[in-house]
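Please read the structure below before turning to the comments.
Residue numbers (this note's numbering): 276 to 430.
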C-alpha cells in the first residue's frame, strides 16, 4: 500500500527549493538590468548564493524522497502519464544538480572573482572568454530546460 502524502520534511524541502529556484531565476533576469558596480555585484552574489543553497539542499531532498513515503499515482492515471511523471522527476533532480554546477563552473571562468555578498569569494581560477561563453550558454540553456520541466511537473 502506498502513502497518501509525502513526508513533512519532503514537503518543506520541495517548497524551499521551489522558492530558491524561482529566486535564482528572478535574480538572473535582474542582473543585466543593473548597471555595473556594487549593485550588480550584489545581485550576482545573491544569485550565486541562492544557487549554492539549491545545491546544498539537493542531497537532503533526494534522501527524504528516497527514504520517505511516496504517494502512488492518482487513481485513473494512465500508464504513460505515470511514466512521464517519473521521468519528469528524474529530469528535475538532474537539472537541480547540473544548474548549480554549471553556475560554479561559470564563476571559475569569469574575468573577475565572484563576490558572494561579502561572505566569500569564488575565485576566477580559469578566466577564459571562450570557455565563459560556452559554459554561460549551457547555464542559460539548463535554466530554460528547468523552467520547462517545472511547467511540465506542475501540469
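Even for Gly, the Cβ is constructed at its ideal location relative to N, Cα and C.
This structure is a prediction, so every number in the text was calculated from the model and none was measured.
Classify residue i as buried or exposed, calling it buried when 16 or more other Cβ atoms lie within 10 Å of its own Cβ.
{"i": "residue 385", "result": "buried"}
{"i": "residue 296", "result": "buried"}
{"i": "residue 336", "result": "buried"}
{"i": "residue 407", "result": "buried"}
{"i": "residue 414", "result": "buried"}
{"i": "residue 322", "result": "buried"}
{"i": "residue 276", "result": "Legend: pLDDT at residue 276 = 48, less than 50; position of this residue unreliable, value from coordinates given subsequently. That one is exposed."}
{"i": "residue 304", "result": "exposed"}
{"i": "residue 410", "result": "buried"}
{"i": "residue 352", "result": "exposed"}
{"i": "residue 377", "result": "buried"}
{"i": "residue 418", "result": "buried"}
{"i": "residue 370", "result": "buried"}
Alpha carbons only, please: which of the options is nearest the one belonging to residue i?
{"i": "residue 387", "options": "305, 293 and 320", "result": "320"}
{"i": "residue 327", "options": "413, 428 and 380", "result": "380"}
{"i": "residue 372", "options": "331, 362 and 354", "result": "331"}
{"i": "residue 284", "options": "344, 322, 313 and 329", "result": "344"}
{"i": "residue 313", "options": "350, 324, 338 and 390", "result": "390"}
{"i": "residue 299", "options": "325, 308 and 278", "result": "325"}
{"i": "residue 422", "options": "278, 294, 287 and 288", "result": "294"}
{"i": "residue 403", "options": "383, 417, 397 and 349", "result": "383"}
{"i": "residue 334", "options": "306, 307 and 292", "result": "292"}
Is residue i helix, strand or coil when you go by DSSP?
{"i": "residue 402", "result": "coil"}
{"i": "residue 279", "result": "coil"}
Between which two residues does the beta strand (DSSP E) harbouring residue i extend?
{"i": "residue 391", "result": "389 to 391"}
*Can you list the alpha helix (DSSP H) stretches of 4 or more residues lying completely in the stretch 306 to 369, in chain order?*
313 to 342
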